[in-house]
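K.L.:
Below is a structure I'd like to ask you about.
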Amino acid sequence: MRKQIAAANWKMNLTYGAAEALLNDILKEQVALAPDQKVIFAVPFPYLIMAKSGVEEEQGYSIAAQNCYSKSSGAYTGEVSAEMLQSIGIKYCVIGHSERREYFGESAEMLAEKVDLCLQHEIEPVFCCGEALNIREEGAQNNYVQTQLEASLFHLTEDQMLKVIIAYEPIWAIGTGKTASSVQAQEMHAHIRSVFAAKYGDEVANNISILYGGSVKGSNAAELFSKPDVDGGLVGGASLVATDFVEIIKALKR
Ligand code: PEP
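Under my numbering, the sequence shown has 189 at position 177, and the numbering climbs by one with no breaks.
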């Protein structure tokens, strides 16, 4: 079943106490989720266990890591493996965020390895894709995003693909306050779904959740999520403000 998902990406923000307080402020609102709705908090590594102990997975609330390494284990000082995440009960991991591609040089091949390791360890990747401003200005965004998906995901089987969540995040809209219009988001999400349909068939494509990310706020979430192929959002800045994120959760389609 295709899920409607509000995913928070806290990035490298918040001290332990502030993270705990933010999570509590959001959870105390007790927003009840329908069976096809989910809320996921992607928190910094040191807070994973604390955050996990705070959420009720049965109620649809889960915790994600923001990254994992592309090797299974060994001499990779400072890195965290998918197996380690599995061992503390983490079920989701953001993979290929544009900040990781840009600042840490993560290649499409590396992301494919990360996706494989997540799936081997029963972790659902939240796979990010999206174009920079110059690519959109050239009108080449559809091909660009298609290439990103082909390069890191098209080796997966149908069953594996159904465990991947896609986040379309145009780089020009991340943290800039410039949101893609709901029409632009819908156009790209429909394109992404058609790319999966061509490779895996309609049934798989219709069951993949495709989230929009890029300056989603309480005030624009309902309009974005109202579009048929927009299955929720991956939210940075606004996920650090409890009232804003609660509004975003409430804006999920039912
Ligand atoms: C993000 O980092 O995934 C993101 C979408 O950030 P923001 O909501 O701040 O644009």
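All C-beta atoms in this analysis are idealised placements derived from N, C-alpha and C, irrespective of residue type, glycine included. The structure displayed is predicted, hence computed values, not measured ones.
Taking 7 Å as the cut-off, is the C-beta of V51 nearer than that to any heavy atom in ligand 1?
P.N.:
Reading the sequence shown from its first residue, position 39 is the one you call residue 51. No, ligand 1 has no heavy atom inside 7 Å of this Cβ.
K.L.:
Who are the near neighbours of G187 in its chain, counting only those whose CB is closer than 8 Å to its CB and skipping five residues on each side?
P.N.:
Sequence index remark: in the sequence shown, residue 187 carries index 175 (1-based). Correct list, in chain order: S227, G248 and G249.
K.L.:
Which term fits I100, buried or exposed, when burial requires 16 or more other beta carbons within 10 angstroms of its beta carbon?
P.N.:
Looking up residue 100 in the sequence shown gives position 88. By the 10 Å Cβ count, I100 comes out exposed.
K.L.:
Report whether the distance from the Cβ of N21 to the nearest heavy atom of ligand 1 is below 7 Å.
P.N.:
Counting from one through the sequence shown, the residue named residue 21 turns up at place 9. Answer for N21: yes, Cβ within range of ligand 1.
K.L.:
On the three-state DSSP scale, how would you describe L174?
P.N.:
On the sequence shown, position 162 is the one that residue 174 refers to. Note: L174 maps to coil in three-state DSSP.
K.L.:
Going along the chain, which residues of its own chain have a beta-carbon closer than 6 Å to the beta-carbon of Q158, five neighbours each way excluded?
P.N.:
Start at 1 with the first residue of the sequence shown, and residue 158 comes out as number 146. Cβ neighbours of Q158 beyond the five flanking positions: V207.
K.L.:
Taking only three categories from DSSP, how would you classify A77?
P.N.:
Residue 77 sits at position 65 when you count from the first residue of the sequence shown. Reduced to three states, the DSSP call for A77 is strand.
K.L.:
Measuring from the CB of H109, is there a heavy atom of ligand 1 at a distance below 7 Å?
P.N.:
Taking the first residue of the sequence shown as position 1, residue 109 is located at position 97. For ligand 1, at least one heavy atom lies less than 7 Å from the Cβ of H109.
K.L.:
Hey, how far is the Cα of K83 from the Cα of A76?
P.N.:
Against the sequence shown, residue 83 aligns to sequence position 71. Against the sequence shown, residue 76 aligns to sequence position 64. If you take the alpha carbons of K83 and A76, they lie about 19 Å apart.
K.L.:
In the DSSP assignment, find the unbroken beta strand (DSSP E) run with K50 in it and report its ends.
P.N.:
The residue given as residue 50 occupies position 38 in the sequence shown. Its beta strand (DSSP E) spans residues Q49 to A54.
K.L.:
Does P58 come out as helix, strand or coil in the three-state DSSP assignment?
P.N.:
Counted from its first residue, the sequence shown places residue 58 at position 46. Helix, per DSSP.
K.L.:
According to DSSP, is Q42 part of a helix, a strand, or is it coil?
P.N.:
The count along the sequence shown starts at 1 and reaches residue 42 at position 30. Three-state DSSP puts Q42 in coil, outside helix and strand.
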